[in-house]
Each structure stands twice: as C-alpha cells, then as structure tokens.
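> Below: one structure in structure tokens.
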Amino acid sequence: MSFIMPLNLDPKFDDPDGFYNELIRMHDDLSESKSREVNARLILLLANHIGDRAVLSEAMRIAREPLDHQTRFDSL
Amino acid sequence: MSYEYPEFEYQRSPDQDAASPVRHPVVIAGVGPVGLTLAIDLALKQVPVVLLEALNTISDGSRAICFAKRTLEVCERLGMGRRLLDKGVTWKTGKVFFGDDPVFEFDLLPEDGHQFPAFINLQQYYMELYGIDRALELEEFIDLRWSNELQGIDPGADGARLTVGTPEGSYQLDCDWLIAADGARSFCRKTLGLEFEGRTFDDQFLIADIKTKADLPPVRRFWFAPTFTDAASALLHMQPDDVWRLDFQIGPEADAEEEMRTDNVMRRVRGMLGAEIDPELEWISVYRFQSRRIRDFRHERVLFVGDSAHQVSPFGARGANSGIQDAENLAWKLQLVLKELAPETLLDSYNAERSYAADENIRHSTQSTDFIAPKSAVSLAFRNAVLSLAKDHKFARPLINSGRLSTPTIHRESSLNTADGESWFGKLLPGAPAVDAPVQTQDGEGWLLDLLKGEFTLLYFTDTSVPETLQQDFRRLHENTIPVQPLVLGLNSGIAEIRVFDSQGFVAQRYDAQVGTTYLLRPDQHVTARWKRFDLGVIRDALNTATCN
Numbered sequence: 177m178s179f180i181m182p183l184n185l186d187p188k189f190d191d192p193d194g195f196y197n198e199l200i201r202m203h204d205d206l207s208e209s210k211s212r213e214v215n216a217r218l219i220l221l222l223a224n225h226i227g228d229r230a231v232l233s234e235a236m237r238i239a240r241e242p243l244d245h246q247t248r249f250d251s252l
Numbered sequence: 002m003s004y005e006y007p008e009f010e011y012q013r014s015p016d017q018d019a020a021s022p023v024r025h026p027v028v029i030a031g032v033g034p035v036g037l038t039l040a041i042d043l044a045l046k047q048v049p050v051v052l053l054e055a056l057n058t059i060s061d062g063s064r065a066i067c068f069a070k071r072t073l074e075v076c077e078r079l080g081m082g083r084r085l086l087d088k089g090v091t092w093k094t095g096k097v098f099f100g101d102d103p104v105f106e107f108d109l110l111p112e113d114g115h116q117f118p119a120f121i122n123l124q125q126y127y128m129e130l131y132g133i134d135r136a137l138e139l140e141e142f143i144d145l146r147w148s149n150e151l152q153g154i155d156p157g158a159d160g161a162r163l164t165v166g167t168p169e170g171s172y173q174l175d176c177d178w179l180i181a182a183d184g185a186r187s188f189c190r191k192t193l194g195l196e197f198e199g200r201t202f203d204d205q206f207l208i209a210d211i212k213t214k215a216d217l218p219p220v221r222r223f224w225f226a227p228t229f230t231d232a233a234s235a236l237l238h239m240q241p242d243d244v245w246r247l248d249f250q251i252g253p254e255a256d257a258e259e260e261m262r263t264d265n266v267m268r269r270v271r272g273m274l275g276a277e278i279d280p281e282l283e284w285i286s287v288y289r290f291q292s293r294r295i296r297d298f299r300h301e302r303v304l305f306v307g308d309s310a311h312q313v314s315p316f317g318a319r320g321a322n323s324g325i326q327d328a329e330n331l332a333w334k335l336q337l338v339l340k341e342l343a344p345e346t347l348l349d350s351y352n353a354e355r356s357y358a359a360d361e362n363i364r365h366s367t368q369s370t371d372f373i374a375p376k377s378a379v380s381l382a383f384r385n386a387v388l389s390l391a392k393d394h395k396f397a398r399p400l401i402n403s404g405r406l407s408t409p410t411i412h413r414e415s416s417l418n419t420a421d422g423e424s425w426f427g428k429l430l431p432g433a434p435a436v437d438a439p440v441q442t443q444d445g446e447g448w449l450l451d452l453l454k455g456e457f458t459l460l461y462f463t464d465t466s467v468p469e470t471l472q473q474d475f476r477r478l479h480e481n482t483i484p485v486q487p488l489v490l491g492l493n494s495g496i497a498e499i500r501v502f503d504s505q506g507f508v509a510q511r512y513d514a515q516v517g518t519t520y521l522l523r524p525d526q527h528v529t530a531r532w533k534r535f536d537l538g539v540i541r542d543a544l545n546t547a548t549c550n
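From first to last, the protein sequence lines stand for chains A and B.
Residues in the first sequence are numbered from 177 upward in steps of one, following our numbering.
Residues in the second sequence are numbered from 2 upward in steps of one, following our numbering.
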C-alpha cells in the first residue's frame with residue numbers, strides 16, 4: 177500500500193539526540209510567540225524543500241491525527 | 002530495613018605513632034564504588050594503597066542502583082563480577098509510557114554471546130560491601146582505614162602531605178599520589194579550590210525505595226506525564242530483596258519536607274503499584290541534580306575520579322558507571338608511572354580521556370533532562386509531539402529520551418591510540434573497550450575478556466600452529482620492560498598447541514579477524530592498535546605510543 181503512503185515514516189537520523197538538541201537549542205531565549213514564529217518559518221522552509229504536495233498532505237493529516245482522535249473521544 | 006549496615010572498626014595505624022610522616026605511594030580518599038575499584042585494581046598490580054574513609058560504615062540508602070555491562074566486566078577482572086551478577090536483578094528491556102499509554106519498548110542488548118547483561122540493578126551498598134570483601138582479601142596491598150577523615154592537603158610537585166583525623170586525634174602522612182574518590186561533595190576538590198563547571202537544574206525528584214512483594218517482571222518502566230500521580234514523570238525499577246526504586250519528578254516548587262512524609266510518599270507509591278500495596282519504606286530522598294565537571298582531573302599529584310570530578314543527572318546511570326571507568330583507566334597508568342616505566346605525562350592522558358568521557362556523559366544526561374523535564378513551553382510541545390507520534394510511527398521512537406543508558410566511552414581521539422592503517426569492518430575502534438565473546442579454552446567454555454587480565458595483551462588470530470620465529474617474538478614481547486602477554490586465538494578448533502579458539506565465530510565477527518589479525522590491548526582491555534598482520538616493530542611503536550614513551 178506504499179503508493180498511497182508517500183510519506184517516509186522510518187527513522188532516518190544517525191544521531192537523533194543531536195538533531196533533537198539542535199531543534200530545542202534553536203528556541204533558546206525565545207518567548208512563546210517568537211518560538212511559534214520560528215517554528216512556522218521552519219515548517220515553510222522544510223515544506224518547500226520537500227516540494228511534494230502528496231507527502232505534505234499526508235504529514236499534515238498525521239500531525240492532526242492525535243487531536244482529531246482526542247476530539248472524537250471528548251465528544252462521546 | 003532489608004539491610005543491616007555493617008560497622009567497621011577503627012584501628013590505630015602504626016603511622017599514627019611514627020616520629021615523622023610515613024610516605025606511601027598511593028592514598029585514596031573515599032571508600033565508595035570508585036575508590037574501591039581503583040584500590041583493588043592497583044592491589045592486583047601489586048601497588049600498595051592506603052584507603053581513607055571518614056565513616057565507619059558504607060553509604061546509606063540504595064543510591065546508585067543500575068550497573069552497566071562494562072562495570073560488570075571491570076569488576077569481573079577484579080574478581081567480583083559474577084558475585085554482583087548473581088545478587089543483582091538482570092534486566093535489558095525498558096517500557097516507556099505517555100500518560101497510561103505504552104508508546105515504546107527497547108532492548109538494550111539484542112545480541113547473544115556476552116558473559117554479562119546490559120544492566121543489573123543492585124543497591125550501591127552491595128557493590129560497596131562486595132568491594133570491601135575483595136579489598137580485605139588483598140590486605141597485603143590494601144590498608145583500609147575506617148574513621149580516618151582527610152582533613153588537610155598540602156600539595157607539592159612530588160606528592161602531598163595529608164592531615165588525617167581519627168577518634169584518637171589527627172596525624173600526618175605523605176603520599177606520592179593522592180586520589181580524590183571522595184564523592185560529589187569532595188573535600189579534596191573544595192580544599193584545592195577547584196570549581197565545577199556546568200549546569201544545575203531546578204527540578205526536584207523524590208526517590209522512594211520500598212520493600213514489597215510485587216508480581217512484576219524486571220523491566221524498567223518510565224512514564225511521561227503519568228495519570229496515577231501528580232508528577233511530571235515517574236520511574237520504576239526492580240532491585241534485589243523485593244526492593245523497588247520509585248522516582249517521581251515533583252517539580253522545582255515542591256516542598257521537600259512535605260513530600261517525604263510517609264502518607265504523601267505512600268499515596269504516590271499506591272498510585273503507581275495499586276491501592277492494596279503495603280510496603281516498607283526503605284529509603285526516601287529528594288534530590289536536585291547537576292551536569293558539571295571540574296576542568297582538569299589532575300592537579301599535580303592529586304587525581305580526581307568519579308563524582309568528585311564530574312556529576313550527571315541520574316537518567317542513563319552514568320554516574321557510578323563512568324566512575325568505575327575512571328578507575329580502570331587510571332589504575333594501570335598510575336602503576337606504570339610509579340614503576341618509572343612511563344613518564345608522568347601518561348597521567349595527563351587520564352585527564353584527556355576521562356574528561357572527554359565526562360563531556361559525553363554530561364551531554365547525554367543533559368539531553369535526557371531536556372526531554373524529561375522540558376524547560377520551556379515550546380520544548381514541552383516538541384516533547385509531547387514526539388510521544389504522541391511514537392506509538393503509531395516508528396520514526397519518532399529514536400527521539401524519545403527517557404535516559405540514554407550508560408555504555409563505555411570510546412576514546413577515539415586519544416593520543417595513546419595508533420590510528421588504523423587498514424580498513425576494518427564492525428563497531429570496534431582503537432580507543433574502545435574490547436568486546437566480549439565466547440571462547441573455548443582448555444578448561445571448557447569461557448569468555449574472551451576473562452583472558453585479558455590487567456596487562457598489555459597481544460591478541461593474535463591464526464588457523465595454524467604458531468611458527469618458532471613468531472613464538473620468539475611473542476617471548477620478546479612477554480619479556481619486555483612493559484610486558485605484553487600474548488594470547489593466540491584459533492579461528493577454528495583442532496590446531497596443535499592452540500589452547501583458545503573461537504568456538505562460535507563471535508570473536509572473528511566482532512574483531513573482523515582473519516589469519517594474522519593482531520590487536521594490542523591495554524591493561525584496561527581497551528584496543529590501542531590493530532593490524533592485519535604481525536610486525537614486532539610496529540607493535541613496539543604502538544606500545545610506546547600507548548605509554549607515552
């Protein structure tokens with residue numbers, strides 16, 4: 177079924193802790209709203225780099241999924 | 002309590018009645034796991050050691066409880082690894098929860114062919130007690146002085162004069178080398194005015210060691226945002242004697258006194274393990290932690306080992322385990338310097354190698370802390386994003402950090418190494434500790450590391466008998482001023498006069514070994530050089546490099 181799952185969800189980092197640390201350090205000394213700004217720019221940069229709308233659509237769906245899931249439970 | 006603390010009797014030393022201070026080659030301050038390891042290692046190398054301990058007993062509470070594979074291997078070389086293994090709880094899997102949801106499970110040692118498991122859990126007092134037992138067996142070389150408190154250090158270029166307080170008053174003694182193994186609140190460090198450099202953290206953690214029968218497997222469990230108690234994280238570990246380590250992250254503002262009250266502790270314990278549980282409380286403690294080290298582990302003739310030199314967060318069990326590695330790194334270097342077979346600069350390599358290790362441990366433990374106790378809203382958001390994705394999407398799992406558990410540091414940049422001149426497969430590198438593997442010996446099934454007994458060793462792989470010329474070279478190495486013990490390993494069985502062979506193929510695989518492959522291993526079992534063929538000249542060069550000669 178890989179043709180309808182274009183998003184690669186396998187781990188790809190050799191050094192996951194190094195990546196995560198750099199991501200968190202990027203926000204050092206920023207206020208919450210400044211952090212949101214930085215994150216938004218980061219997403220746009222990465223999205224353009226990926227360039228494939230199908231991949232991006234899949235990523236957007238998965239990113240929302242836990243909340244959509246939660247909302248279903250909340251409304252029960 | 003499940004454990005009776007022994008008391009060790011103060012005994013008057015002849016040094017206290019000497020007309021002038023008696024000189025000893027090595028004095029170690031502090032009878033903790035690290036000081037004991039170093040003392041035993043030195044004693045096995047026939048270096049006499051005076052061990053000073055301010056108290057007349059061992060540490061209270063379980064304290065360090067996770068001892069890593071490398072620690073067990075070091076302790077086995079010192080004659081106590083199996084005893085630790087037999088008493089400890091062996092574990093290698095960990096489960097991570099987000100709220101009540103299991104999101105991830107890891108296996109720390111997924112391959113066969115190792116004598117020791119990835120980890121055992123064992124209360125620190127057992128580690129110390131077994132170390133003391135071993136030290137007493139070596140009393141020809143170890144002079145263990147209880148209720149002897151180091152109170153003054155007068156350091157000099159060729160040693161130090163020490164003032165030691167006892168129940169019968171103070172006395173002085175001299176040493177060529179003083180080893181500060183006196184822990185996080187090190188008197189040696191303070192009195193020499195050495196500052197820690199690094200970070201301290203505000204978050205408080207409540208430890209409850211409890212004794213109860215609980216029908217749970219020996220799995221490390223870690224909860225992010227647990228629902229059963231108001232803590233930001235929680236940890237559960239099994240220890241021997243039906244003792245369990247519970248650890249709760251209670252935040253920077255929590256009232257430590259209030260948290261340590263029995264009813265409050267019990268509420269958290271029952272939240273985790275069930276309302277019906279009725280444990281004895283063994284040890285309750287609230288702590289904050291630091292990630293920091295002193296800049297130089299050597300100050301003229303004073304050498305710092307373990308917590309006196311570096312501190313890390315407890316996530317990853319990198320405190321005691323790295324201290325044990327400090328001790329094994331220092332022991333052989335100190336021996337060679339004392340015997341005047343190597344210059345004092347060899348001890349600067351102790352500082353270089355182990356401060357590099359401390360930085361690695363601090364980096365890992367700090368990154369774990371950022372994940373476990375995020376310090377900003379955005380950091381918390383990323384952390385929770387990782388956890389919420391990890392259950393369904395495996396890319397997120399390697400980003401989960403509930404503590405990166407201690408593995409030995411590879412001293413890949415050490416000046417003692419001889420760089421590879423050929424290409425090698427596998428994870429083993431110059432600067433890495435030798436990897437264990439099963440071997441067949443005359444006495445039956447055995448382990449490779451058990452054959453590396455604290456001297457330089459030349460590991461030579463062959464599929465035929467060793468020709469006379471090569472045997473002569475082996476003898477030359479053996480009779481060298483710094484002896485190198487040859488260990489010939491047969492790649493297959495049935496070779497005349499080869500007493501050890503690679504019965505299951507693990508050695509050849511882990512050492513990328515073919516006929517002629519030659520490894521030079523340090524007394525602390527670390528690889529210092531390797532070649533595809535034997536050459537006495539380059540081996541001697543590598544030995545000189547490894548000893549600063």
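Ideal placement from N, C-alpha and C gives every residue a C-beta, glycine not left out.
(1) Strictly below 8 Å CB to CB, what residues from chain B border Leu185 of chain A?
(2) Quick one: what's Lys96 of chain B bridged to in DSSP?
(3) Tell me whether Arg299 of chain B sits in a helix, a strand or coil according to DSSP, three-state version.
(4) Taking the straight line between their C-alpha atoms, what separation do you get for Asp327 of chain B and Glu129 of chain B?
(5) Taking only beta-carbon positions, decide if Asn57 of chain B is within less than 8 Å of chain A.
(6) Buried or exposed for Ser494 of chain B, please, with buried defined as at least 16 other CB atoms from any protein chain shown within 10 angstroms of its CB.
(7) Tell me whether Arg71 of chain B sits in a helix, a strand or coil according to DSSP, three-state version.
(8) Can you find a CB in chain A that lies within less than 8 Å of the CB of Leu381 of chain B?
(9) Take every Cβ of the region 110-117 of chain B, pair it with every Cβ of the region 354-365 of chain B, and state whether three or more of those distances are shorter than 8 Å.
(10) Once DSSP output is grouped into helix, strand and coil, what is the label at Asp437 of chain B?
(11) Inspect the CB distances between the region 143-161 of chain B and the region 268-288 of chain B and report whether three or more fall short of 8 Å.
(12) Is it right to say Met239 of chain B is buried, meaning 16 or more other beta carbons lie within 10 angstroms of its own, or is it exposed?
(13) Tell me whether the region 209-218 of chain B and the region 242-259 of chain B touch, counting them as touching only if at least three CB pairs, one residue from each stretch, are closer than 8 Å.
(14) Would DSSP call Glu254 of chain B helix, strand or coil?
(15) Kindly list the residues whose CB is nearer than 7 Å to the CB of Val313 of chain B, restricted to its own chain and excluding five residues on each side of it in sequence; keep chain order.
(16) Within 8 Å (strictly less), CB to CB, does Asp193 of chain A reach chain B?
(17) Which residues, taken in chain order from the region 226-242 of chain A, show a beta carbon closer than 9 Å to some beta carbon of chain B?
(18) Which same chain residues end up closer than 8 Å to Glu198 of chain B when comparing Cβ atoms and leaving out the 5 residues on each side of it in sequence?
(19) Measure the Cβ-Cβ separation of Pro280 of chain B and Leu123 of chain B and say whether it is below 8 Å.
(20) Might you give, ordered along the chain, the residues of its own chain that have their beta carbon closer than 8 Å to the beta carbon of Ala343 of chain B, omitting 5 neighbours on each side?
(21) Kindly indicate if chain A contains any beta-carbon less than 8 Å away from that of Leu335 of chain B.
(22) Along the chain, where does the beta strand (DSSP E) containing Cys176 of chain B start, and where does it finish?
(23) Listing by chain order, which chain B residues have their CB less than 7 Å from the CB of Ser209 of chain A?
(24) Mind listing the chain B neighbours of Ile200 of chain A? Cutoff is C-beta to C-beta under 7 Å, in chain order.
(25) Sort out for me which residues DSSP pairs Met239 of chain B with in a bridge.
(26) Please give the ranges of any alpha helix (DSSP H) in the region 425-472 of chain B, keeping only runs that are unbroken, at least 4 residues long and fully inside the region.
(27) Pull out every residue of the region 410-425 of chain B whose Cβ sits closer than 7 Å to any Cβ of chain A, in chain order.
(28) Identify which residue in B:Leu39, B:Trp532, B:Pro168, B:Gln443 has its Cα closest to the Cα of Ser14 of chain B.
(29) Quick check: Val485 of chain B and Leu452 of chain B, are their CB atoms within less than 8 Å of each other?
(30) Quick check: Arg405 of chain B and Gly506 of chain B, are their CB atoms within less than 8 Å of each other?
(31) Around the C-beta of Pro227 of chain B, are 16 or more other C-beta atoms found within 10 angstroms, so that it is buried, or is it exposed?
(32) Taking all protein chains shown into account, decide if Leu222 of chain A is buried (16 or more other Cβ within 10 angstroms of its Cβ) or exposed.
(33) At 8 Å on the CB atoms, spell out the chain A contacts of Pro399 of chain B, in chain order.
(34) Quick one: Cα of Phe249 of chain A to Cα of Thr91 of chain B, how far?
(35) Compute the distance between the beta-carbons of Leu522 of chain B and Leu544 of chain B, then report whether it is under 8 Å.
(36) Counting along the chain, where does the beta strand (DSSP E) carrying Tyr11 of chain B start and finish?
Let me spell this out:
(1) At a C-beta separation below 8 Å, Leu185 of chain A has these neighbours in chain B: His394, Lys395, Phe396.
(2) Lys96 of chain B pairs with B:Glu106, B:Arg222.
(3) DSSP, reduced to helix, strand and coil, places Arg299 of chain B within a strand of the structure shown.
(4) If you take the alpha carbons of Asp327 of chain B and Glu129 of chain B, they lie about 17 Å apart.
(5) The beta carbon of Asn57 of chain B sits no closer than 8 Å to any beta carbon of chain A.
(6) Exposed, because fewer than 16 other Cβ atoms sit within 10 Å of the Cβ of Ser494 of chain B.
(7) Reduced to three states, the DSSP call for Arg71 of chain B is helix.
(8) No, Leu381 of chain B does not count as interfacial toward chain A.
(9) Judged by Cβ distances under 8 Å, the region 110-117 of chain B makes no contact with the region 354-365 of chain B, as fewer than three pairs qualify.
(10) Collapsing the DSSP output to three states places Asp437 of chain B in coil.
(11) Contact between the region 143-161 of chain B and the region 268-288 of chain B is absent: fewer than 3 CB-CB pairs across the two stretches fall below 8 Å.
(12) Under this definition Met239 of chain B is a buried residue.
(13) Between the region 209-218 of chain B and the region 242-259 of chain B there are three or more C-beta pairs closer than 8 Å, enough to call the two in contact.
(14) Three-state result, Glu254 of chain B: coil.
(15) Closer than 7 Å at Cβ, skipping near neighbours: Ser292, Arg319, Gly320, Asn362, Ile363, Ser366.
(16) By this cut-off, Asp193 of chain A is an interface position.
(17) Cβ contacts with chain B: Ile238, Ala239, Glu241, Pro242.
(18) Arg293, Arg294, Ile295, Arg296.
(19) Annotated as distal: Pro280 of chain B and Leu123 of chain B, with beta-carbon spacing of 8 Å or more.
(20) Leaving aside the five residues that flank Ala343 of chain B on each side, the residues in its chain whose CB is nearer than 8 Å to its CB run, in chain order, Lys334, Leu337, Ile483, Thr548, Cys549, Asn550.
(21) Not closer than 8 Å to any Cβ of chain A, the Cβ of Leu335 of chain B fails to qualify, so no.
(22) Counted as a single uninterrupted DSSP element, the beta strand (DSSP E) harbouring Cys176 of chain B occupies residues 170-181.
(23) Close to Ser209 of chain A, with beta-carbon spacing below 7 Å, lies no residue of chain B; the smallest spacing is near 10 Å.
(24) For Ile200 of chain A, the C-beta contacts it makes with chain B under 7 Å involve Asp371, Ser380, Phe383, in order along the chain.
(25) According to DSSP, Met239 of chain B bridges with B:Trp245.
(26) As far as the region 425-472 of chain B is concerned, it has no whole alpha helix (DSSP H) run of at least 4 residues.
(27) If the cut-off is 7 Å between Cβ atoms, the region 410-425 of chain B has nothing near chain A.
(28) Taking only the C-alpha atoms, the option nearest Ser14 of chain B is B:Pro168.
(29) Contact flag unset, no.
(30) Contact flag unset, no.
(31) Per the 10 Å Cβ criterion, buried.
(32) Here Leu222 of chain A is exposed, its C-beta having fewer than 16 other C-beta atoms within 10 Å.
(33) Result: Pro187, Phe189, Pro192.
(34) The predicted position of Phe249 of chain A is uncertain, since its pLDDT is 48 and thus under 50; no value can be drawn from it.
(35) Taking 8 Å as the Cβ cut-off, Leu522 of chain B and Leu544 of chain B do not qualify as a contacting pair.
(36) Taken as a continuous stretch (DSSP letters only), Tyr11 of chain B belongs to no beta strand (DSSP E), as it is neither H nor E.
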